[in-house]
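Counting with my numbering, you get residues 3 to 157 for the letters of the sequence shown. Below is one structure, written out as structure tokens; comments come after it.
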Amino acid sequence: MAEAGSAVVRVPLARMAVVTVCLPLGAFLTCIYLSLRHNFDLSTATHCGVPNYLPSISSAIGEFVPQRYIWRFAIAIHSAPRFLMASMYYNFMNRNAAKVLCCLNVVENVGLISLSFVSSKENYDIHKVSFITFMVCSELYMVLTCLLLKDNTQN
3 MAEAGSAVVR
13 VPLARMAVVT
23 VCLPLGAFLT
33 CIYLSLRHNF
43 DLSTATHCGV
53 PNYLPSISSA
63 IGEFVPQRYI
73 WRFAIAIHSA
83 PRFLMASMYY
93 NFMNRNAAKV
103 LCCLNVVENV
113 GLISLSFVSS
123 KENYDIHKVS
133 FITFMVCSEL
143 YMVLTCLLLK
153 DNTQN
């Protein structure tokens, strides 16, 4: 039985970061490839008839099967380490501003998950609000993280 405070599993932070980044990147590239290979005309079509050579991001990850499910699976799997990082930052910074940072990170992750699981064609309003929530929280989270880490290193 593990003692209180001892780690059950140890994963190097660098390895976790690489896997967390590679999951959506790999899924995105796979979705682009599959869209070009199997749905080129539909994925690159525009309402004004302008020729496209690559599909839009929304088209590549949200309109066709199996691309939609590949993207959603990767986002779902990679969200767990993102929530763990929110907890880690909260424990590392150990101050009131870290609570705001943690909340922003969690809301950002929820926004990303909901924007990935509800496509703009399924429910445009939810997709739009999720995208705006994700972008605003992401920007605020990055700025606040930089400020807090800068302040932490100076102390």
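Even for Gly, the Cβ is constructed at its ideal location relative to N, Cα and C.
| query | result |
| --- | --- |
| Over what stretch of residues does the alpha helix (DSSP H) that includes G113 continue unbroken? | 98 to 119 |
| Helix, strand or coil for F66? Go by DSSP, reduced to three states. | coil |
| Say the cut is 8 Å; is the CB of Q69 nearer than that to a heavy atom of the ligand PLP? | You won't find the ligand PLP in this model; it holds no ligand whatsoever. |
| Decide if L139 is buried, meaning its Cβ has at least 16 other Cβ atoms within 10 Å, or exposed. | Checking the sequence shown, residue 139 turns out to be Cys, not Leu. C139 is buried by the Cβ-count criterion. |
| Please state the DSSP three-state secondary structure of H80. | helix |
| How about the region 38 to 54 and the region 71 to 81: do they share at least three Cβ pairs that are nearer than 8 Å? | no |
| Considering only the alpha carbon of each residue, which of C33, T22, V102, F85 lies closest to S61? | C33 |
| Any idea what DSSP makes of T46, helix, strand or coil? | helix |
| For the alpha helix (DSSP H) holding S52, just list the boundary residues, first then last. | Rather than Ser, the amino acid found at residue 52 in this sequence is Val. No alpha helix (DSSP H) holds V52; DSSP gives it neither H nor E. |
| Which residues bound the alpha helix (DSSP H) around S37? | 15 to 40 |
| Between T147 and the rest of its own chain, which residues show a CB-CB distance below 8 Å, the 5 nearest in sequence each way excluded? | Y91, L103 |
| Could you check if E124 is buried or exposed, using at least 16 other CB atoms within 10 Å of its CB as the buried criterion? | exposed |
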